[in-house]
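Asks: Before we start, here is the structure in question, set down as structure tokens.
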Amino acid sequence: MTYIRPKFRHPSAPTNDLGYTKREYEGALSTLCAGCGHDSISGAIIQAYFELSVPPHRIAKLSGIGCSSKTPTYFLGKSHGFNSVHGRMPSVATGANMANRDLMYLGVSGDGDTASIGMGQFVHIVRRNLNIVYIVMNNGCYGLTKGQDSATADAGSKSKAGSVNPFQPIDLAGLALELGAGFVAQSFSGDKPQLIELIKEAVKYPGFALINVISPCVTFNNNPGSTKSYDYVREHIEATATVDYVPLKTEITAAYAEGTGTDVEMHDGTFIRLEKLAAHSNPYNRLTAITALQVARMKNAILTGLVFLEPDPTDLHETLDTSEVALNKMTETDLCPGKQELENINASLR
Amino acid sequence: MLKINDFVVRFANVNGTGSASANYLFAKAIFRMGIPVTPKNIFPSNIQGLPTWYEVRVSEKGYYGRRQGIDIMVCMNPQSMPNDVMNVESGGYFLYDSTKQLHPELIRSDVNYIGIPLMEICLREFTDPRQRQLFKNIIYVGALSALLNIEFGVLEQLLTGQFQGKEKLIAPNIKSLKLGIQYVHDHFSYPLDLRLERRDLVGNKILIDGNSACGLGAVYGGATVAAWYPITPSTSVVEAFESYAKDLRIDKTTGKKKFAIVQAEDELAAMGMVIGANWNGARSFTATSGPGVSLMNEFLGLAYFAEVPAVLIDVQRAGPSTGMPTRTQQSDVLLAAYASHGDTKHVLLFPNTPKECFDMTADSFDLAERLQTPVIMLSDLDLGMNDHVSEPFEWDDSRKYDRGKVLSAIQLDTMERFGRYLDVDNDGVTYRTIPGTHATQGSFFTRGTSRDEYAAYTEDGTVYVRNMDRLLKKWNTARYLVPAPVFYQQENRSRNAVLFYGTSTYSVEEAMDLLREQGTLIDAVRIRAFPFNPSVETFLDAHDKVFVVEQNRDGQMRTLLINELNASPSKLVPVLNYDGMPITANFVIQGIFNYL
Ligand SMILES: Cc1ncc(C[n+]2csc(CCOP(=O)(O)OP(=O)(O)O)c2C)c(N)n1
Ligand code: SF4
Ligand SMILES: [Mg+2]
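Chains as they are written, first to last, in the UniProt record's numbering: chain A, 1 to 350; chain B, 1 to 596.
Below, the structure is given as structure tokens:
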């Protein structure tokens, strides 16, 4: 892994462990509507990767189609990106990940992109446990096609035009839990500190990590009566467990007061600390996590934080038993069995 | 009339009764005797219970196409018997299980009946019900070996090879062969006037199906990521890739796989994975049939426009929709050529033998990377799922994979400014970078939306047009990179010509021989790829009538020639076979004579 220090940087701007300023993690200027929740999530992504000191070129960012899927242009400008087709980011990410297990993958999608047209691919990326951070920017509508209800819109939620959604919502976090996801979190674009910590933890997580982020569409779904508006979300939010990020290979220090949190040992021997656990929630137990989501739904509450964590996941490469050396690094010497072998095969076919 | 090495045997069986390996044994034995042979499966879309046929053509002259007319029917299926009897040529033979008497209605005076009480023999000789069923098949092979003069030593050798590691199965198989031979010996005069004689006509050729050859070609071509969704007749492509890769692609020190196969949730996802993997610098492919290609359309457009390499093997079957899923056709030509919305065109390859399946699969990865675009290989059920006598596979150990225009970190360091879609070499093919190559240089955003030379999003019409025109320039470059057509003459000798591709080749070549024998000389060209090499246009110009032989209803290649080369429709005469059965030489000749 080689990288070169960026040539220009503001002398006073803070740098991370790599000597990069935050600018190295930024992208082009956003063209989304002012106040769009998606922009806040982009901001959190930038901050998280900056704080993690991930070399930007070691990240591959992928998305589908939608306002949300446009955001990879607005963050991580030094990373390769792939804006694919509507609802199909999971398959492109799967192929990319199979090709090179050494990069870190970030998938960004919308609720239309994931829960409607892309539902088929979403459930399969979850059950295959691809090592990727999968962020859904969930606004309960199709922003880019001007505000139609999406499949995550709550029953009874009112659109800007005044119609009431009669259908049950798809709960992406609950679904992911059902399908065996090892890292399931929910957040709100308006709660940046929590979101940043969740993203950092998801990046570190060696398997499929879903963060379903409520992200209001100010233009089409921020009206009174909408359950994805800023006001509604703020009133109904209920944090389950906030996470404190403990950097890789750093021991937990005494700064954490005894009894206020739980330390979870991760796959790589590091820890994350969960704090402010709500009484009913135990993030290592899939069953109680599912219950917590259901209870919150009954109470019209929006549960945020880390909902579930399986500390030792088996990702797709492990399942398929692929080589530790990335497949895209292999050459003829590694891959081609050669002439003599082919002669043997010919002989067996005579 | 004595006919040596020149007849057709058809086996009528019931799906799922274990007849396949016995029938294969029969065909392979003929091949081992150095005689050209073409076996074809004719089977329903069903796992167990329905009729299935296996047709074996033997041809001293080396004709590998299908021939109409059945000289010997081996009928093991009571259900299909009435039809099977009808299908025997006058003077031909009908071999059946005489444990039960034949219905008088099934007796034709112009057919020779060979009744062997197969079930009775099995009940007498074997106790296990499964064996009684299975060895019935081997007994009829034994009987045929006596009737047709198949060398016993060859059969013995094949069985020994087949049951390596399961030696205790050899003896009952040999016993069954001998039971068949003995019965013929005791009851009939043999060999028949249709018979085999050892020859040296297949040289060092091999016997293999096209799908296995594709799978092996993908291993040799350096494919590491395969993503697929099962569909007849393509399924065995990825299965072959997997089985060869498990043999040839395991890391010796770690025991880990140097390949990844993902069974996708559908063909959309399969193509998405292929695109993602290729974008990320691995060689990746998928295999499917028509319905799968339909689902891949949107992604194919993305790969074309975003310029991501991809390899797709389409093993065509009879459509539209589910059509006749176990019958052959060449009816995805237009679908594949223009797959997706907007102005798109794709590179197509048309193999006609397993050797070409192997070569073209391996080459398709070079082509896709060189051109940074999808390459679609159009095989078909006949080629993919039937064994064919083929030239042996070849590989040059000094061959290097052509990864195309991919920039390294060092190249990025030394260049002024990287423009992903900048036509530096003026051939329409631009330079790409693989994610993760360089810390600060060369990253770009791959997208299906319009962009400028530096990969920045734009909806400026002139920039869009510039890009679309460059894609056409690239298309023109492709015309010289794809496999050239095969001309059957040094210089044109006739005003008439025949044009064909893929599996029609066998029968057209045979038809050309027959025409020549009758004194009709006709020029010929075999198309191997789209876009068309300029020599195809020259060839069309040089002839008044060009018979375009295809296995589809609408003359899809003909449409492509008209559309892409401005060929005059009146000079292109369609000769179209689309009943789901491989085309025959007779059909071709009919089609041509109707016009001449
Ligand atoms: C195959 C296809 N169908 C329809 C569209 C049109 N389309 C573009 S974005 C979109 C909805 C996006 O909704 P969501 O994923 O929730 O993203 P948001 O804009 O709300 O962030 C639709 C229907 C398309 N691009 N492709
Ligand atoms: S339409 Fe909605 S989702 Fe799209 S950018 Fe505007 S506010 Fe955001
Ligand atoms: Mg949305």
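Virtual Cβ for every residue (Gly too), placed ideally from N, Cα, C.
#1: Buried or exposed: which applies to Asp396 of chain B, given that a residue is buried once 16 or more other Cβ atoms fall within 10 Å of its Cβ?
#2: Residue range of the beta strand (DSSP E) that Phe285 of chain B falls in?
#3: Between the stretch 105 to 121 of chain A and chain B, which residues of the former have a C-beta closer than 9 angstroms to a C-beta of the latter?
#4: If you measure from the CB of Leu144 of chain A, is any heavy atom of ligand 1 nearer than 6 angstroms?
#5: Cα separation between Ser116 of chain A and Gly34 of chain B?
#6: Looking at chain A, is there any beta carbon in it that lies within less than 7 angstroms of the beta carbon of Pro230 of chain B?
#7: Can you tell me whether Asn139 of chain A sits near ligand 3, meaning its C-beta is under 6 angstroms from at least one heavy atom of the ligand?
#8: Can you find a CB in chain A that lies within less than 7 angstroms of the CB of Ile275 of chain B?
#9: Quick test of your reading: Ile150 of chain B and Ile121 of chain B, contact by CB under 8 angstroms. State the CB separation rounded to the nearest angstrom.
#10: Give the interface partners of Lys400 of chain B over in chain A, defined as CB-CB distance under 7 angstroms, in chain order.
#11: Taking only three categories from DSSP, how would you classify Lys61 of chain A?
#12: Once you ignore the five residues that flank Val123 of chain A on each side, which residues in its own chain have a CB closer than 8 angstroms to its CB?
#13: How far does the beta strand (DSSP E) with Phe188 of chain A in it reach, from first residue to last?
#14: Does any residue of chain B have a CB that is nearer than 7 angstroms to the CB of Ala99 of chain A?
#15: Are there 16 or more other CB atoms within 10 angstroms of the CB of Pro569 of chain B, so buried, or fewer, so exposed?
#16: Quick check on Thr344 of chain B - is its C-beta less than 7 angstroms from some C-beta in chain A?
#17: Taking the continuous alpha helix (DSSP H) assigned at Ser91 of chain A, which residues delimit it?
#18: Gln329 of chain B and Asn552 of chain B - do their beta-carbons sit closer together than 7 angstroms?
#19: Could you tell me the distance, in whole angstroms, from the CA atom of Phe126 of chain B to the CA atom of Met119 of chain B?
#20: Taking the alpha carbon of Gln194 of chain A as the reference point, which residue from A:Ala181, A:Asn285, A:Ser40, A:Gly27 has its own alpha carbon closest?
#21: Going along the chain, which residues of its own chain have a beta-carbon closer than 8 angstroms to the beta-carbon of Lys3 of chain B, five neighbours each way excluded?
#22: Please list the segments of the alpha helix (DSSP H) lying wholly inside the stretch 378 to 465 of chain B, counting only runs of 4 or more residues, in order along the chain.
#23: Any chance the stretch 52 to 67 of chain B sits against the stretch 502 to 515 of chain B, with 3 or more Cβ pairs inside 8 angstroms?
#24: How many angstroms separate the CA atom of Tyr113 of chain B from the CA atom of Val88 of chain B?
#25: In its own chain, which residues sit with a C-beta less than 7 angstroms from the C-beta of Asn577 of chain B, not counting the 5 before and 5 after it?
#26: Would you say the beta carbon of residue 386 of chain A comes nearer than 6 angstroms to a heavy atom of ligand 1?
#27: Exposed or buried, which one is Gly519 of chain B when buried takes at least 16 other CB atoms within 10 Å?
#28: When the distance is taken between beta carbons, is His236 of chain A closer than 7 angstroms to Ile132 of chain A?
#29: Pull up the distance between the alpha-carbon of Ser45 of chain B and that of Gly384 of chain B, whole angstroms please.
#30: Specify the secondary structure class of Gly118 of chain A as computed by DSSP and reduced to three states.
#31: Which class does Val325 of chain A belong to by DSSP, given the choice of helix, strand or coil?
#32: Is DSSP giving Ile302 of chain A helix, strand or coil here?
#33: Let me check one thing: in DSSP terms, what residues is Thr584 of chain B bridge-paired to?
#34: In three-state DSSP terms, what is Thr235 of chain B?
#35: Which bits of chain A does Tyr220 of chain B rub up against, with CB to CB less than 8 angstroms?
#36: Taking 7 angstroms as the cut-off, decide whether the C-beta atoms of Ala296 of chain A and Arg101 of chain A are in contact.
Replies: The structure says:
#1: exposed
#2: 284 to 288
#3: Gly120, Gln121
#4: yes
#5: 59 angstroms
#6: no
#7: yes
#8: yes
#9: Actually they do not touch by this definition, with Cβ atoms about 19 angstroms apart.
#10: Glu332
#11: strand
#12: Leu175, Leu179
#13: 183 to 188
#14: yes
#15: exposed
#16: no
#17: 89 to 99
#18: yes
#19: 10 angstroms
#20: A:Ser40
#21: Asp71, Asp193, Leu194, Arg195
#22: 381 to 385, 409 to 414
#23: yes
#24: 11 angstroms
#25: Gln551, Ile583, Phe587
#26: Because chain A is modelled from 1 through 350, residue 386 of chain A falls outside the range shown and cannot be assessed.
#27: exposed
#28: no
#29: 16 angstroms
#30: coil
#31: coil
#32: strand
#33: B:Arg66
#34: helix
#35: Cys336, Pro337, Leu342
#36: no
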